[in-house]
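Heads up: the structure comes next, in C-alpha cells.
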Amino acid sequence: MAKTLDDIFDDDDLGLLNSNQPQNYIKTDEDRLIDAFEEINSFYETNKREPSNSSMSEYSLSSRLKELRTNDNKKGVLKAFDRYNLLGDYEPKIESLDDILADDELGLLDTDGDSSIFEFNYVPKEPTRDKADYIAQRSSIPEKEFTKYGMMFKQVHQELKEGKRRFKEFKNAETNLKEGNFYLVDGLLAYLEVSKAEKVLKENTSGDRVRLEGRTVTIFENGTISNMLFRSLGKAIQKNGKLITDVIDGGEKELFKNAGVDYQEDISSGWIYILKSKSKNPEIASINDLYKIGLSTTTVKERIKNASKSSTYLFDEVEDVYSCEIANVNIHKFESLLHRFFGNVCLDLDIYNNGERINPREWFVAPLHIIQEAINLLINGTIVNYKYDNDSQSIKLK
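Just so you know, the sequence shown maps onto residues 1 to 398 in UniProt numbering.
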C-alpha cells in the first residue's frame, strides 16, 4: 500500500529525514585538552572535592589531574579554565602548541582517526537522535551512592576474568534488555537498574506495530548515570557493545531465551597449551618462568612428540604443564592475540643448532598462573580490556 509523506516522516526512527541537523566541526587538539579538563571541573562542581585515586570510578580523572599539574605547557592552555585553582600556581612560558602536544605522556589528546591535511574543519556531521540522547542524559553519581555499584562492577570484572560470565553478541533488545542485567557499552560496563519501557502501539498505513518505548535508569562503571531511552540503549549496545551473561553455574541461559543466540554443539578448534623446557642449556635453564604458549589442531601429546628435533621447542624435550581444548574460535587469531598480550616479555635469545641461528618467538617469561589467567580472559572475550604489567607481574585494566 502506498505511503503518504506524513507516514514516511512518522516512521523515520533514525532521524534520516531531519532537516535541521546541528552543524558540528572537527575539534582541535586544544579543544580536546580543554574538554578533558572540563570533565575534572564538572566533577569538582558536583562533589566539592578533587577526584580520588582510591575510588575505581574516579581513578582516571585523578590520574589526568595529576599529570596536568606536572605539565606547565598544558597548564598554560588550561589556566583560563581553571575556575577552582585545581592546577595550582603557574608561571607562563612562551611555548608552542606543538610542544604541548608532543609532551602528551598519557595520551590525553590521542585520536582514533588520522588528523591529516585532508581533513576539513566545520564540515557538518549528522548525529543520530539516539547518540544525542545517549550523551545528553548522563551525569555523575556522588561517591557514596556509587559505592554499591562499584562493588558490583568489580565483582562482574572478576567473574569475567574467571570465566563465570562471558560476552555475547547482543540481539533483540526487547528480549535481552532487562532490569538487573549487565552489558558492555562503548568499552564500559553498564548496569540496567530500571526499565520504564512499556508496549506502545505505533500506527501507520504500512501496518500497526507494537514495540517497547520509555526511559531507563542505567549505571556505568565510570560513575555516571543515564536516563536514556530504552531503544537508544539497545541500539548503542547492538552497535558497539556486548551482552554479558549471567553467572554460568550449570547451564543458566536466562539471558538468551529467544535471543537468536546459537546453542548448537560446540565444534572443537584445537588445543591451547603451555610448555616448559627441559633443556639443560644454561642460557635457557637459568630463566625462571619461561614458557611456550601455543595452539594446535592436534593433541598436545602428538604435537610435541618430536620436540627435541624442532627449533620451535628449543631443540629439547618439553613438559606439558597446562593444556585445554577450545571450541568455536579461529586458533590462528587466538594464538596471535595471546602472543601480542605477552609481547613485552617475549624471549629474546639466539640459539644455535649445527651452525643454524634460531630466534624463537613463541616463548615468554611470565608466571604460569598469569598465563592461565590471560587464557581465561581470551576465552571469555575480555582480554582487550586488560594488559600485562611486567613490573608487578600482574594483569591490569587498561
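Each residue gets a CB set at the ideal place from its N, CA and C atoms; glycine is no exception.
Predicted model, so just to flag it, every value in this text is computed and none were measured.
Assignment of residue 304 by DSSP, reduced to helix, strand and coil, places it in the coil class. At a Cβ-Cβ threshold of 7 Å, residue 324 and residue 272 count as neighbours. Of the other Cβ atoms in all chains shown, fewer than 16 fall within 10 Å of the Cβ of residue 42; this residue is therefore exposed. The Cβ atoms of residue 60 and residue 53 do not sit closer than 7 Å to each other. Counting the other CB atoms within 10 Å of its CB gives residue 151 a total below 16, which places it among the exposed residues. Judged by DSSP secondary structure, residue 353 falls within the beta strand (DSSP E) whose first and last residues are 351-353.
The DSSP-derived three-state label of residue 216 is strand. Residue 382 holds the alpha-carbon nearest to the alpha-carbon of residue 241 among 382, 391 and 58. C-alpha of residue 291 to C-alpha of residue 277: approximately 7 Å in a straight line. Assignment of residue 70 by DSSP, reduced to helix, strand and coil, places it in the coil class. Residue 388 is bridged by DSSP to 395.
DSSP lists no bridge partner for residue 42. If you draw a straight line from the Cα of residue 68 to the Cα of residue 307, it comes to about 53 Å. The C-beta of residue 84 has fewer than 16 other C-beta atoms within 10 Å across all chains shown, which makes the residue exposed.
For the options 138, 339 and 352, the alpha carbon positioned closest to that of residue 388 is the one of 339. DSSP places residue 224 in the strand class (E or B) of the three-state scheme.
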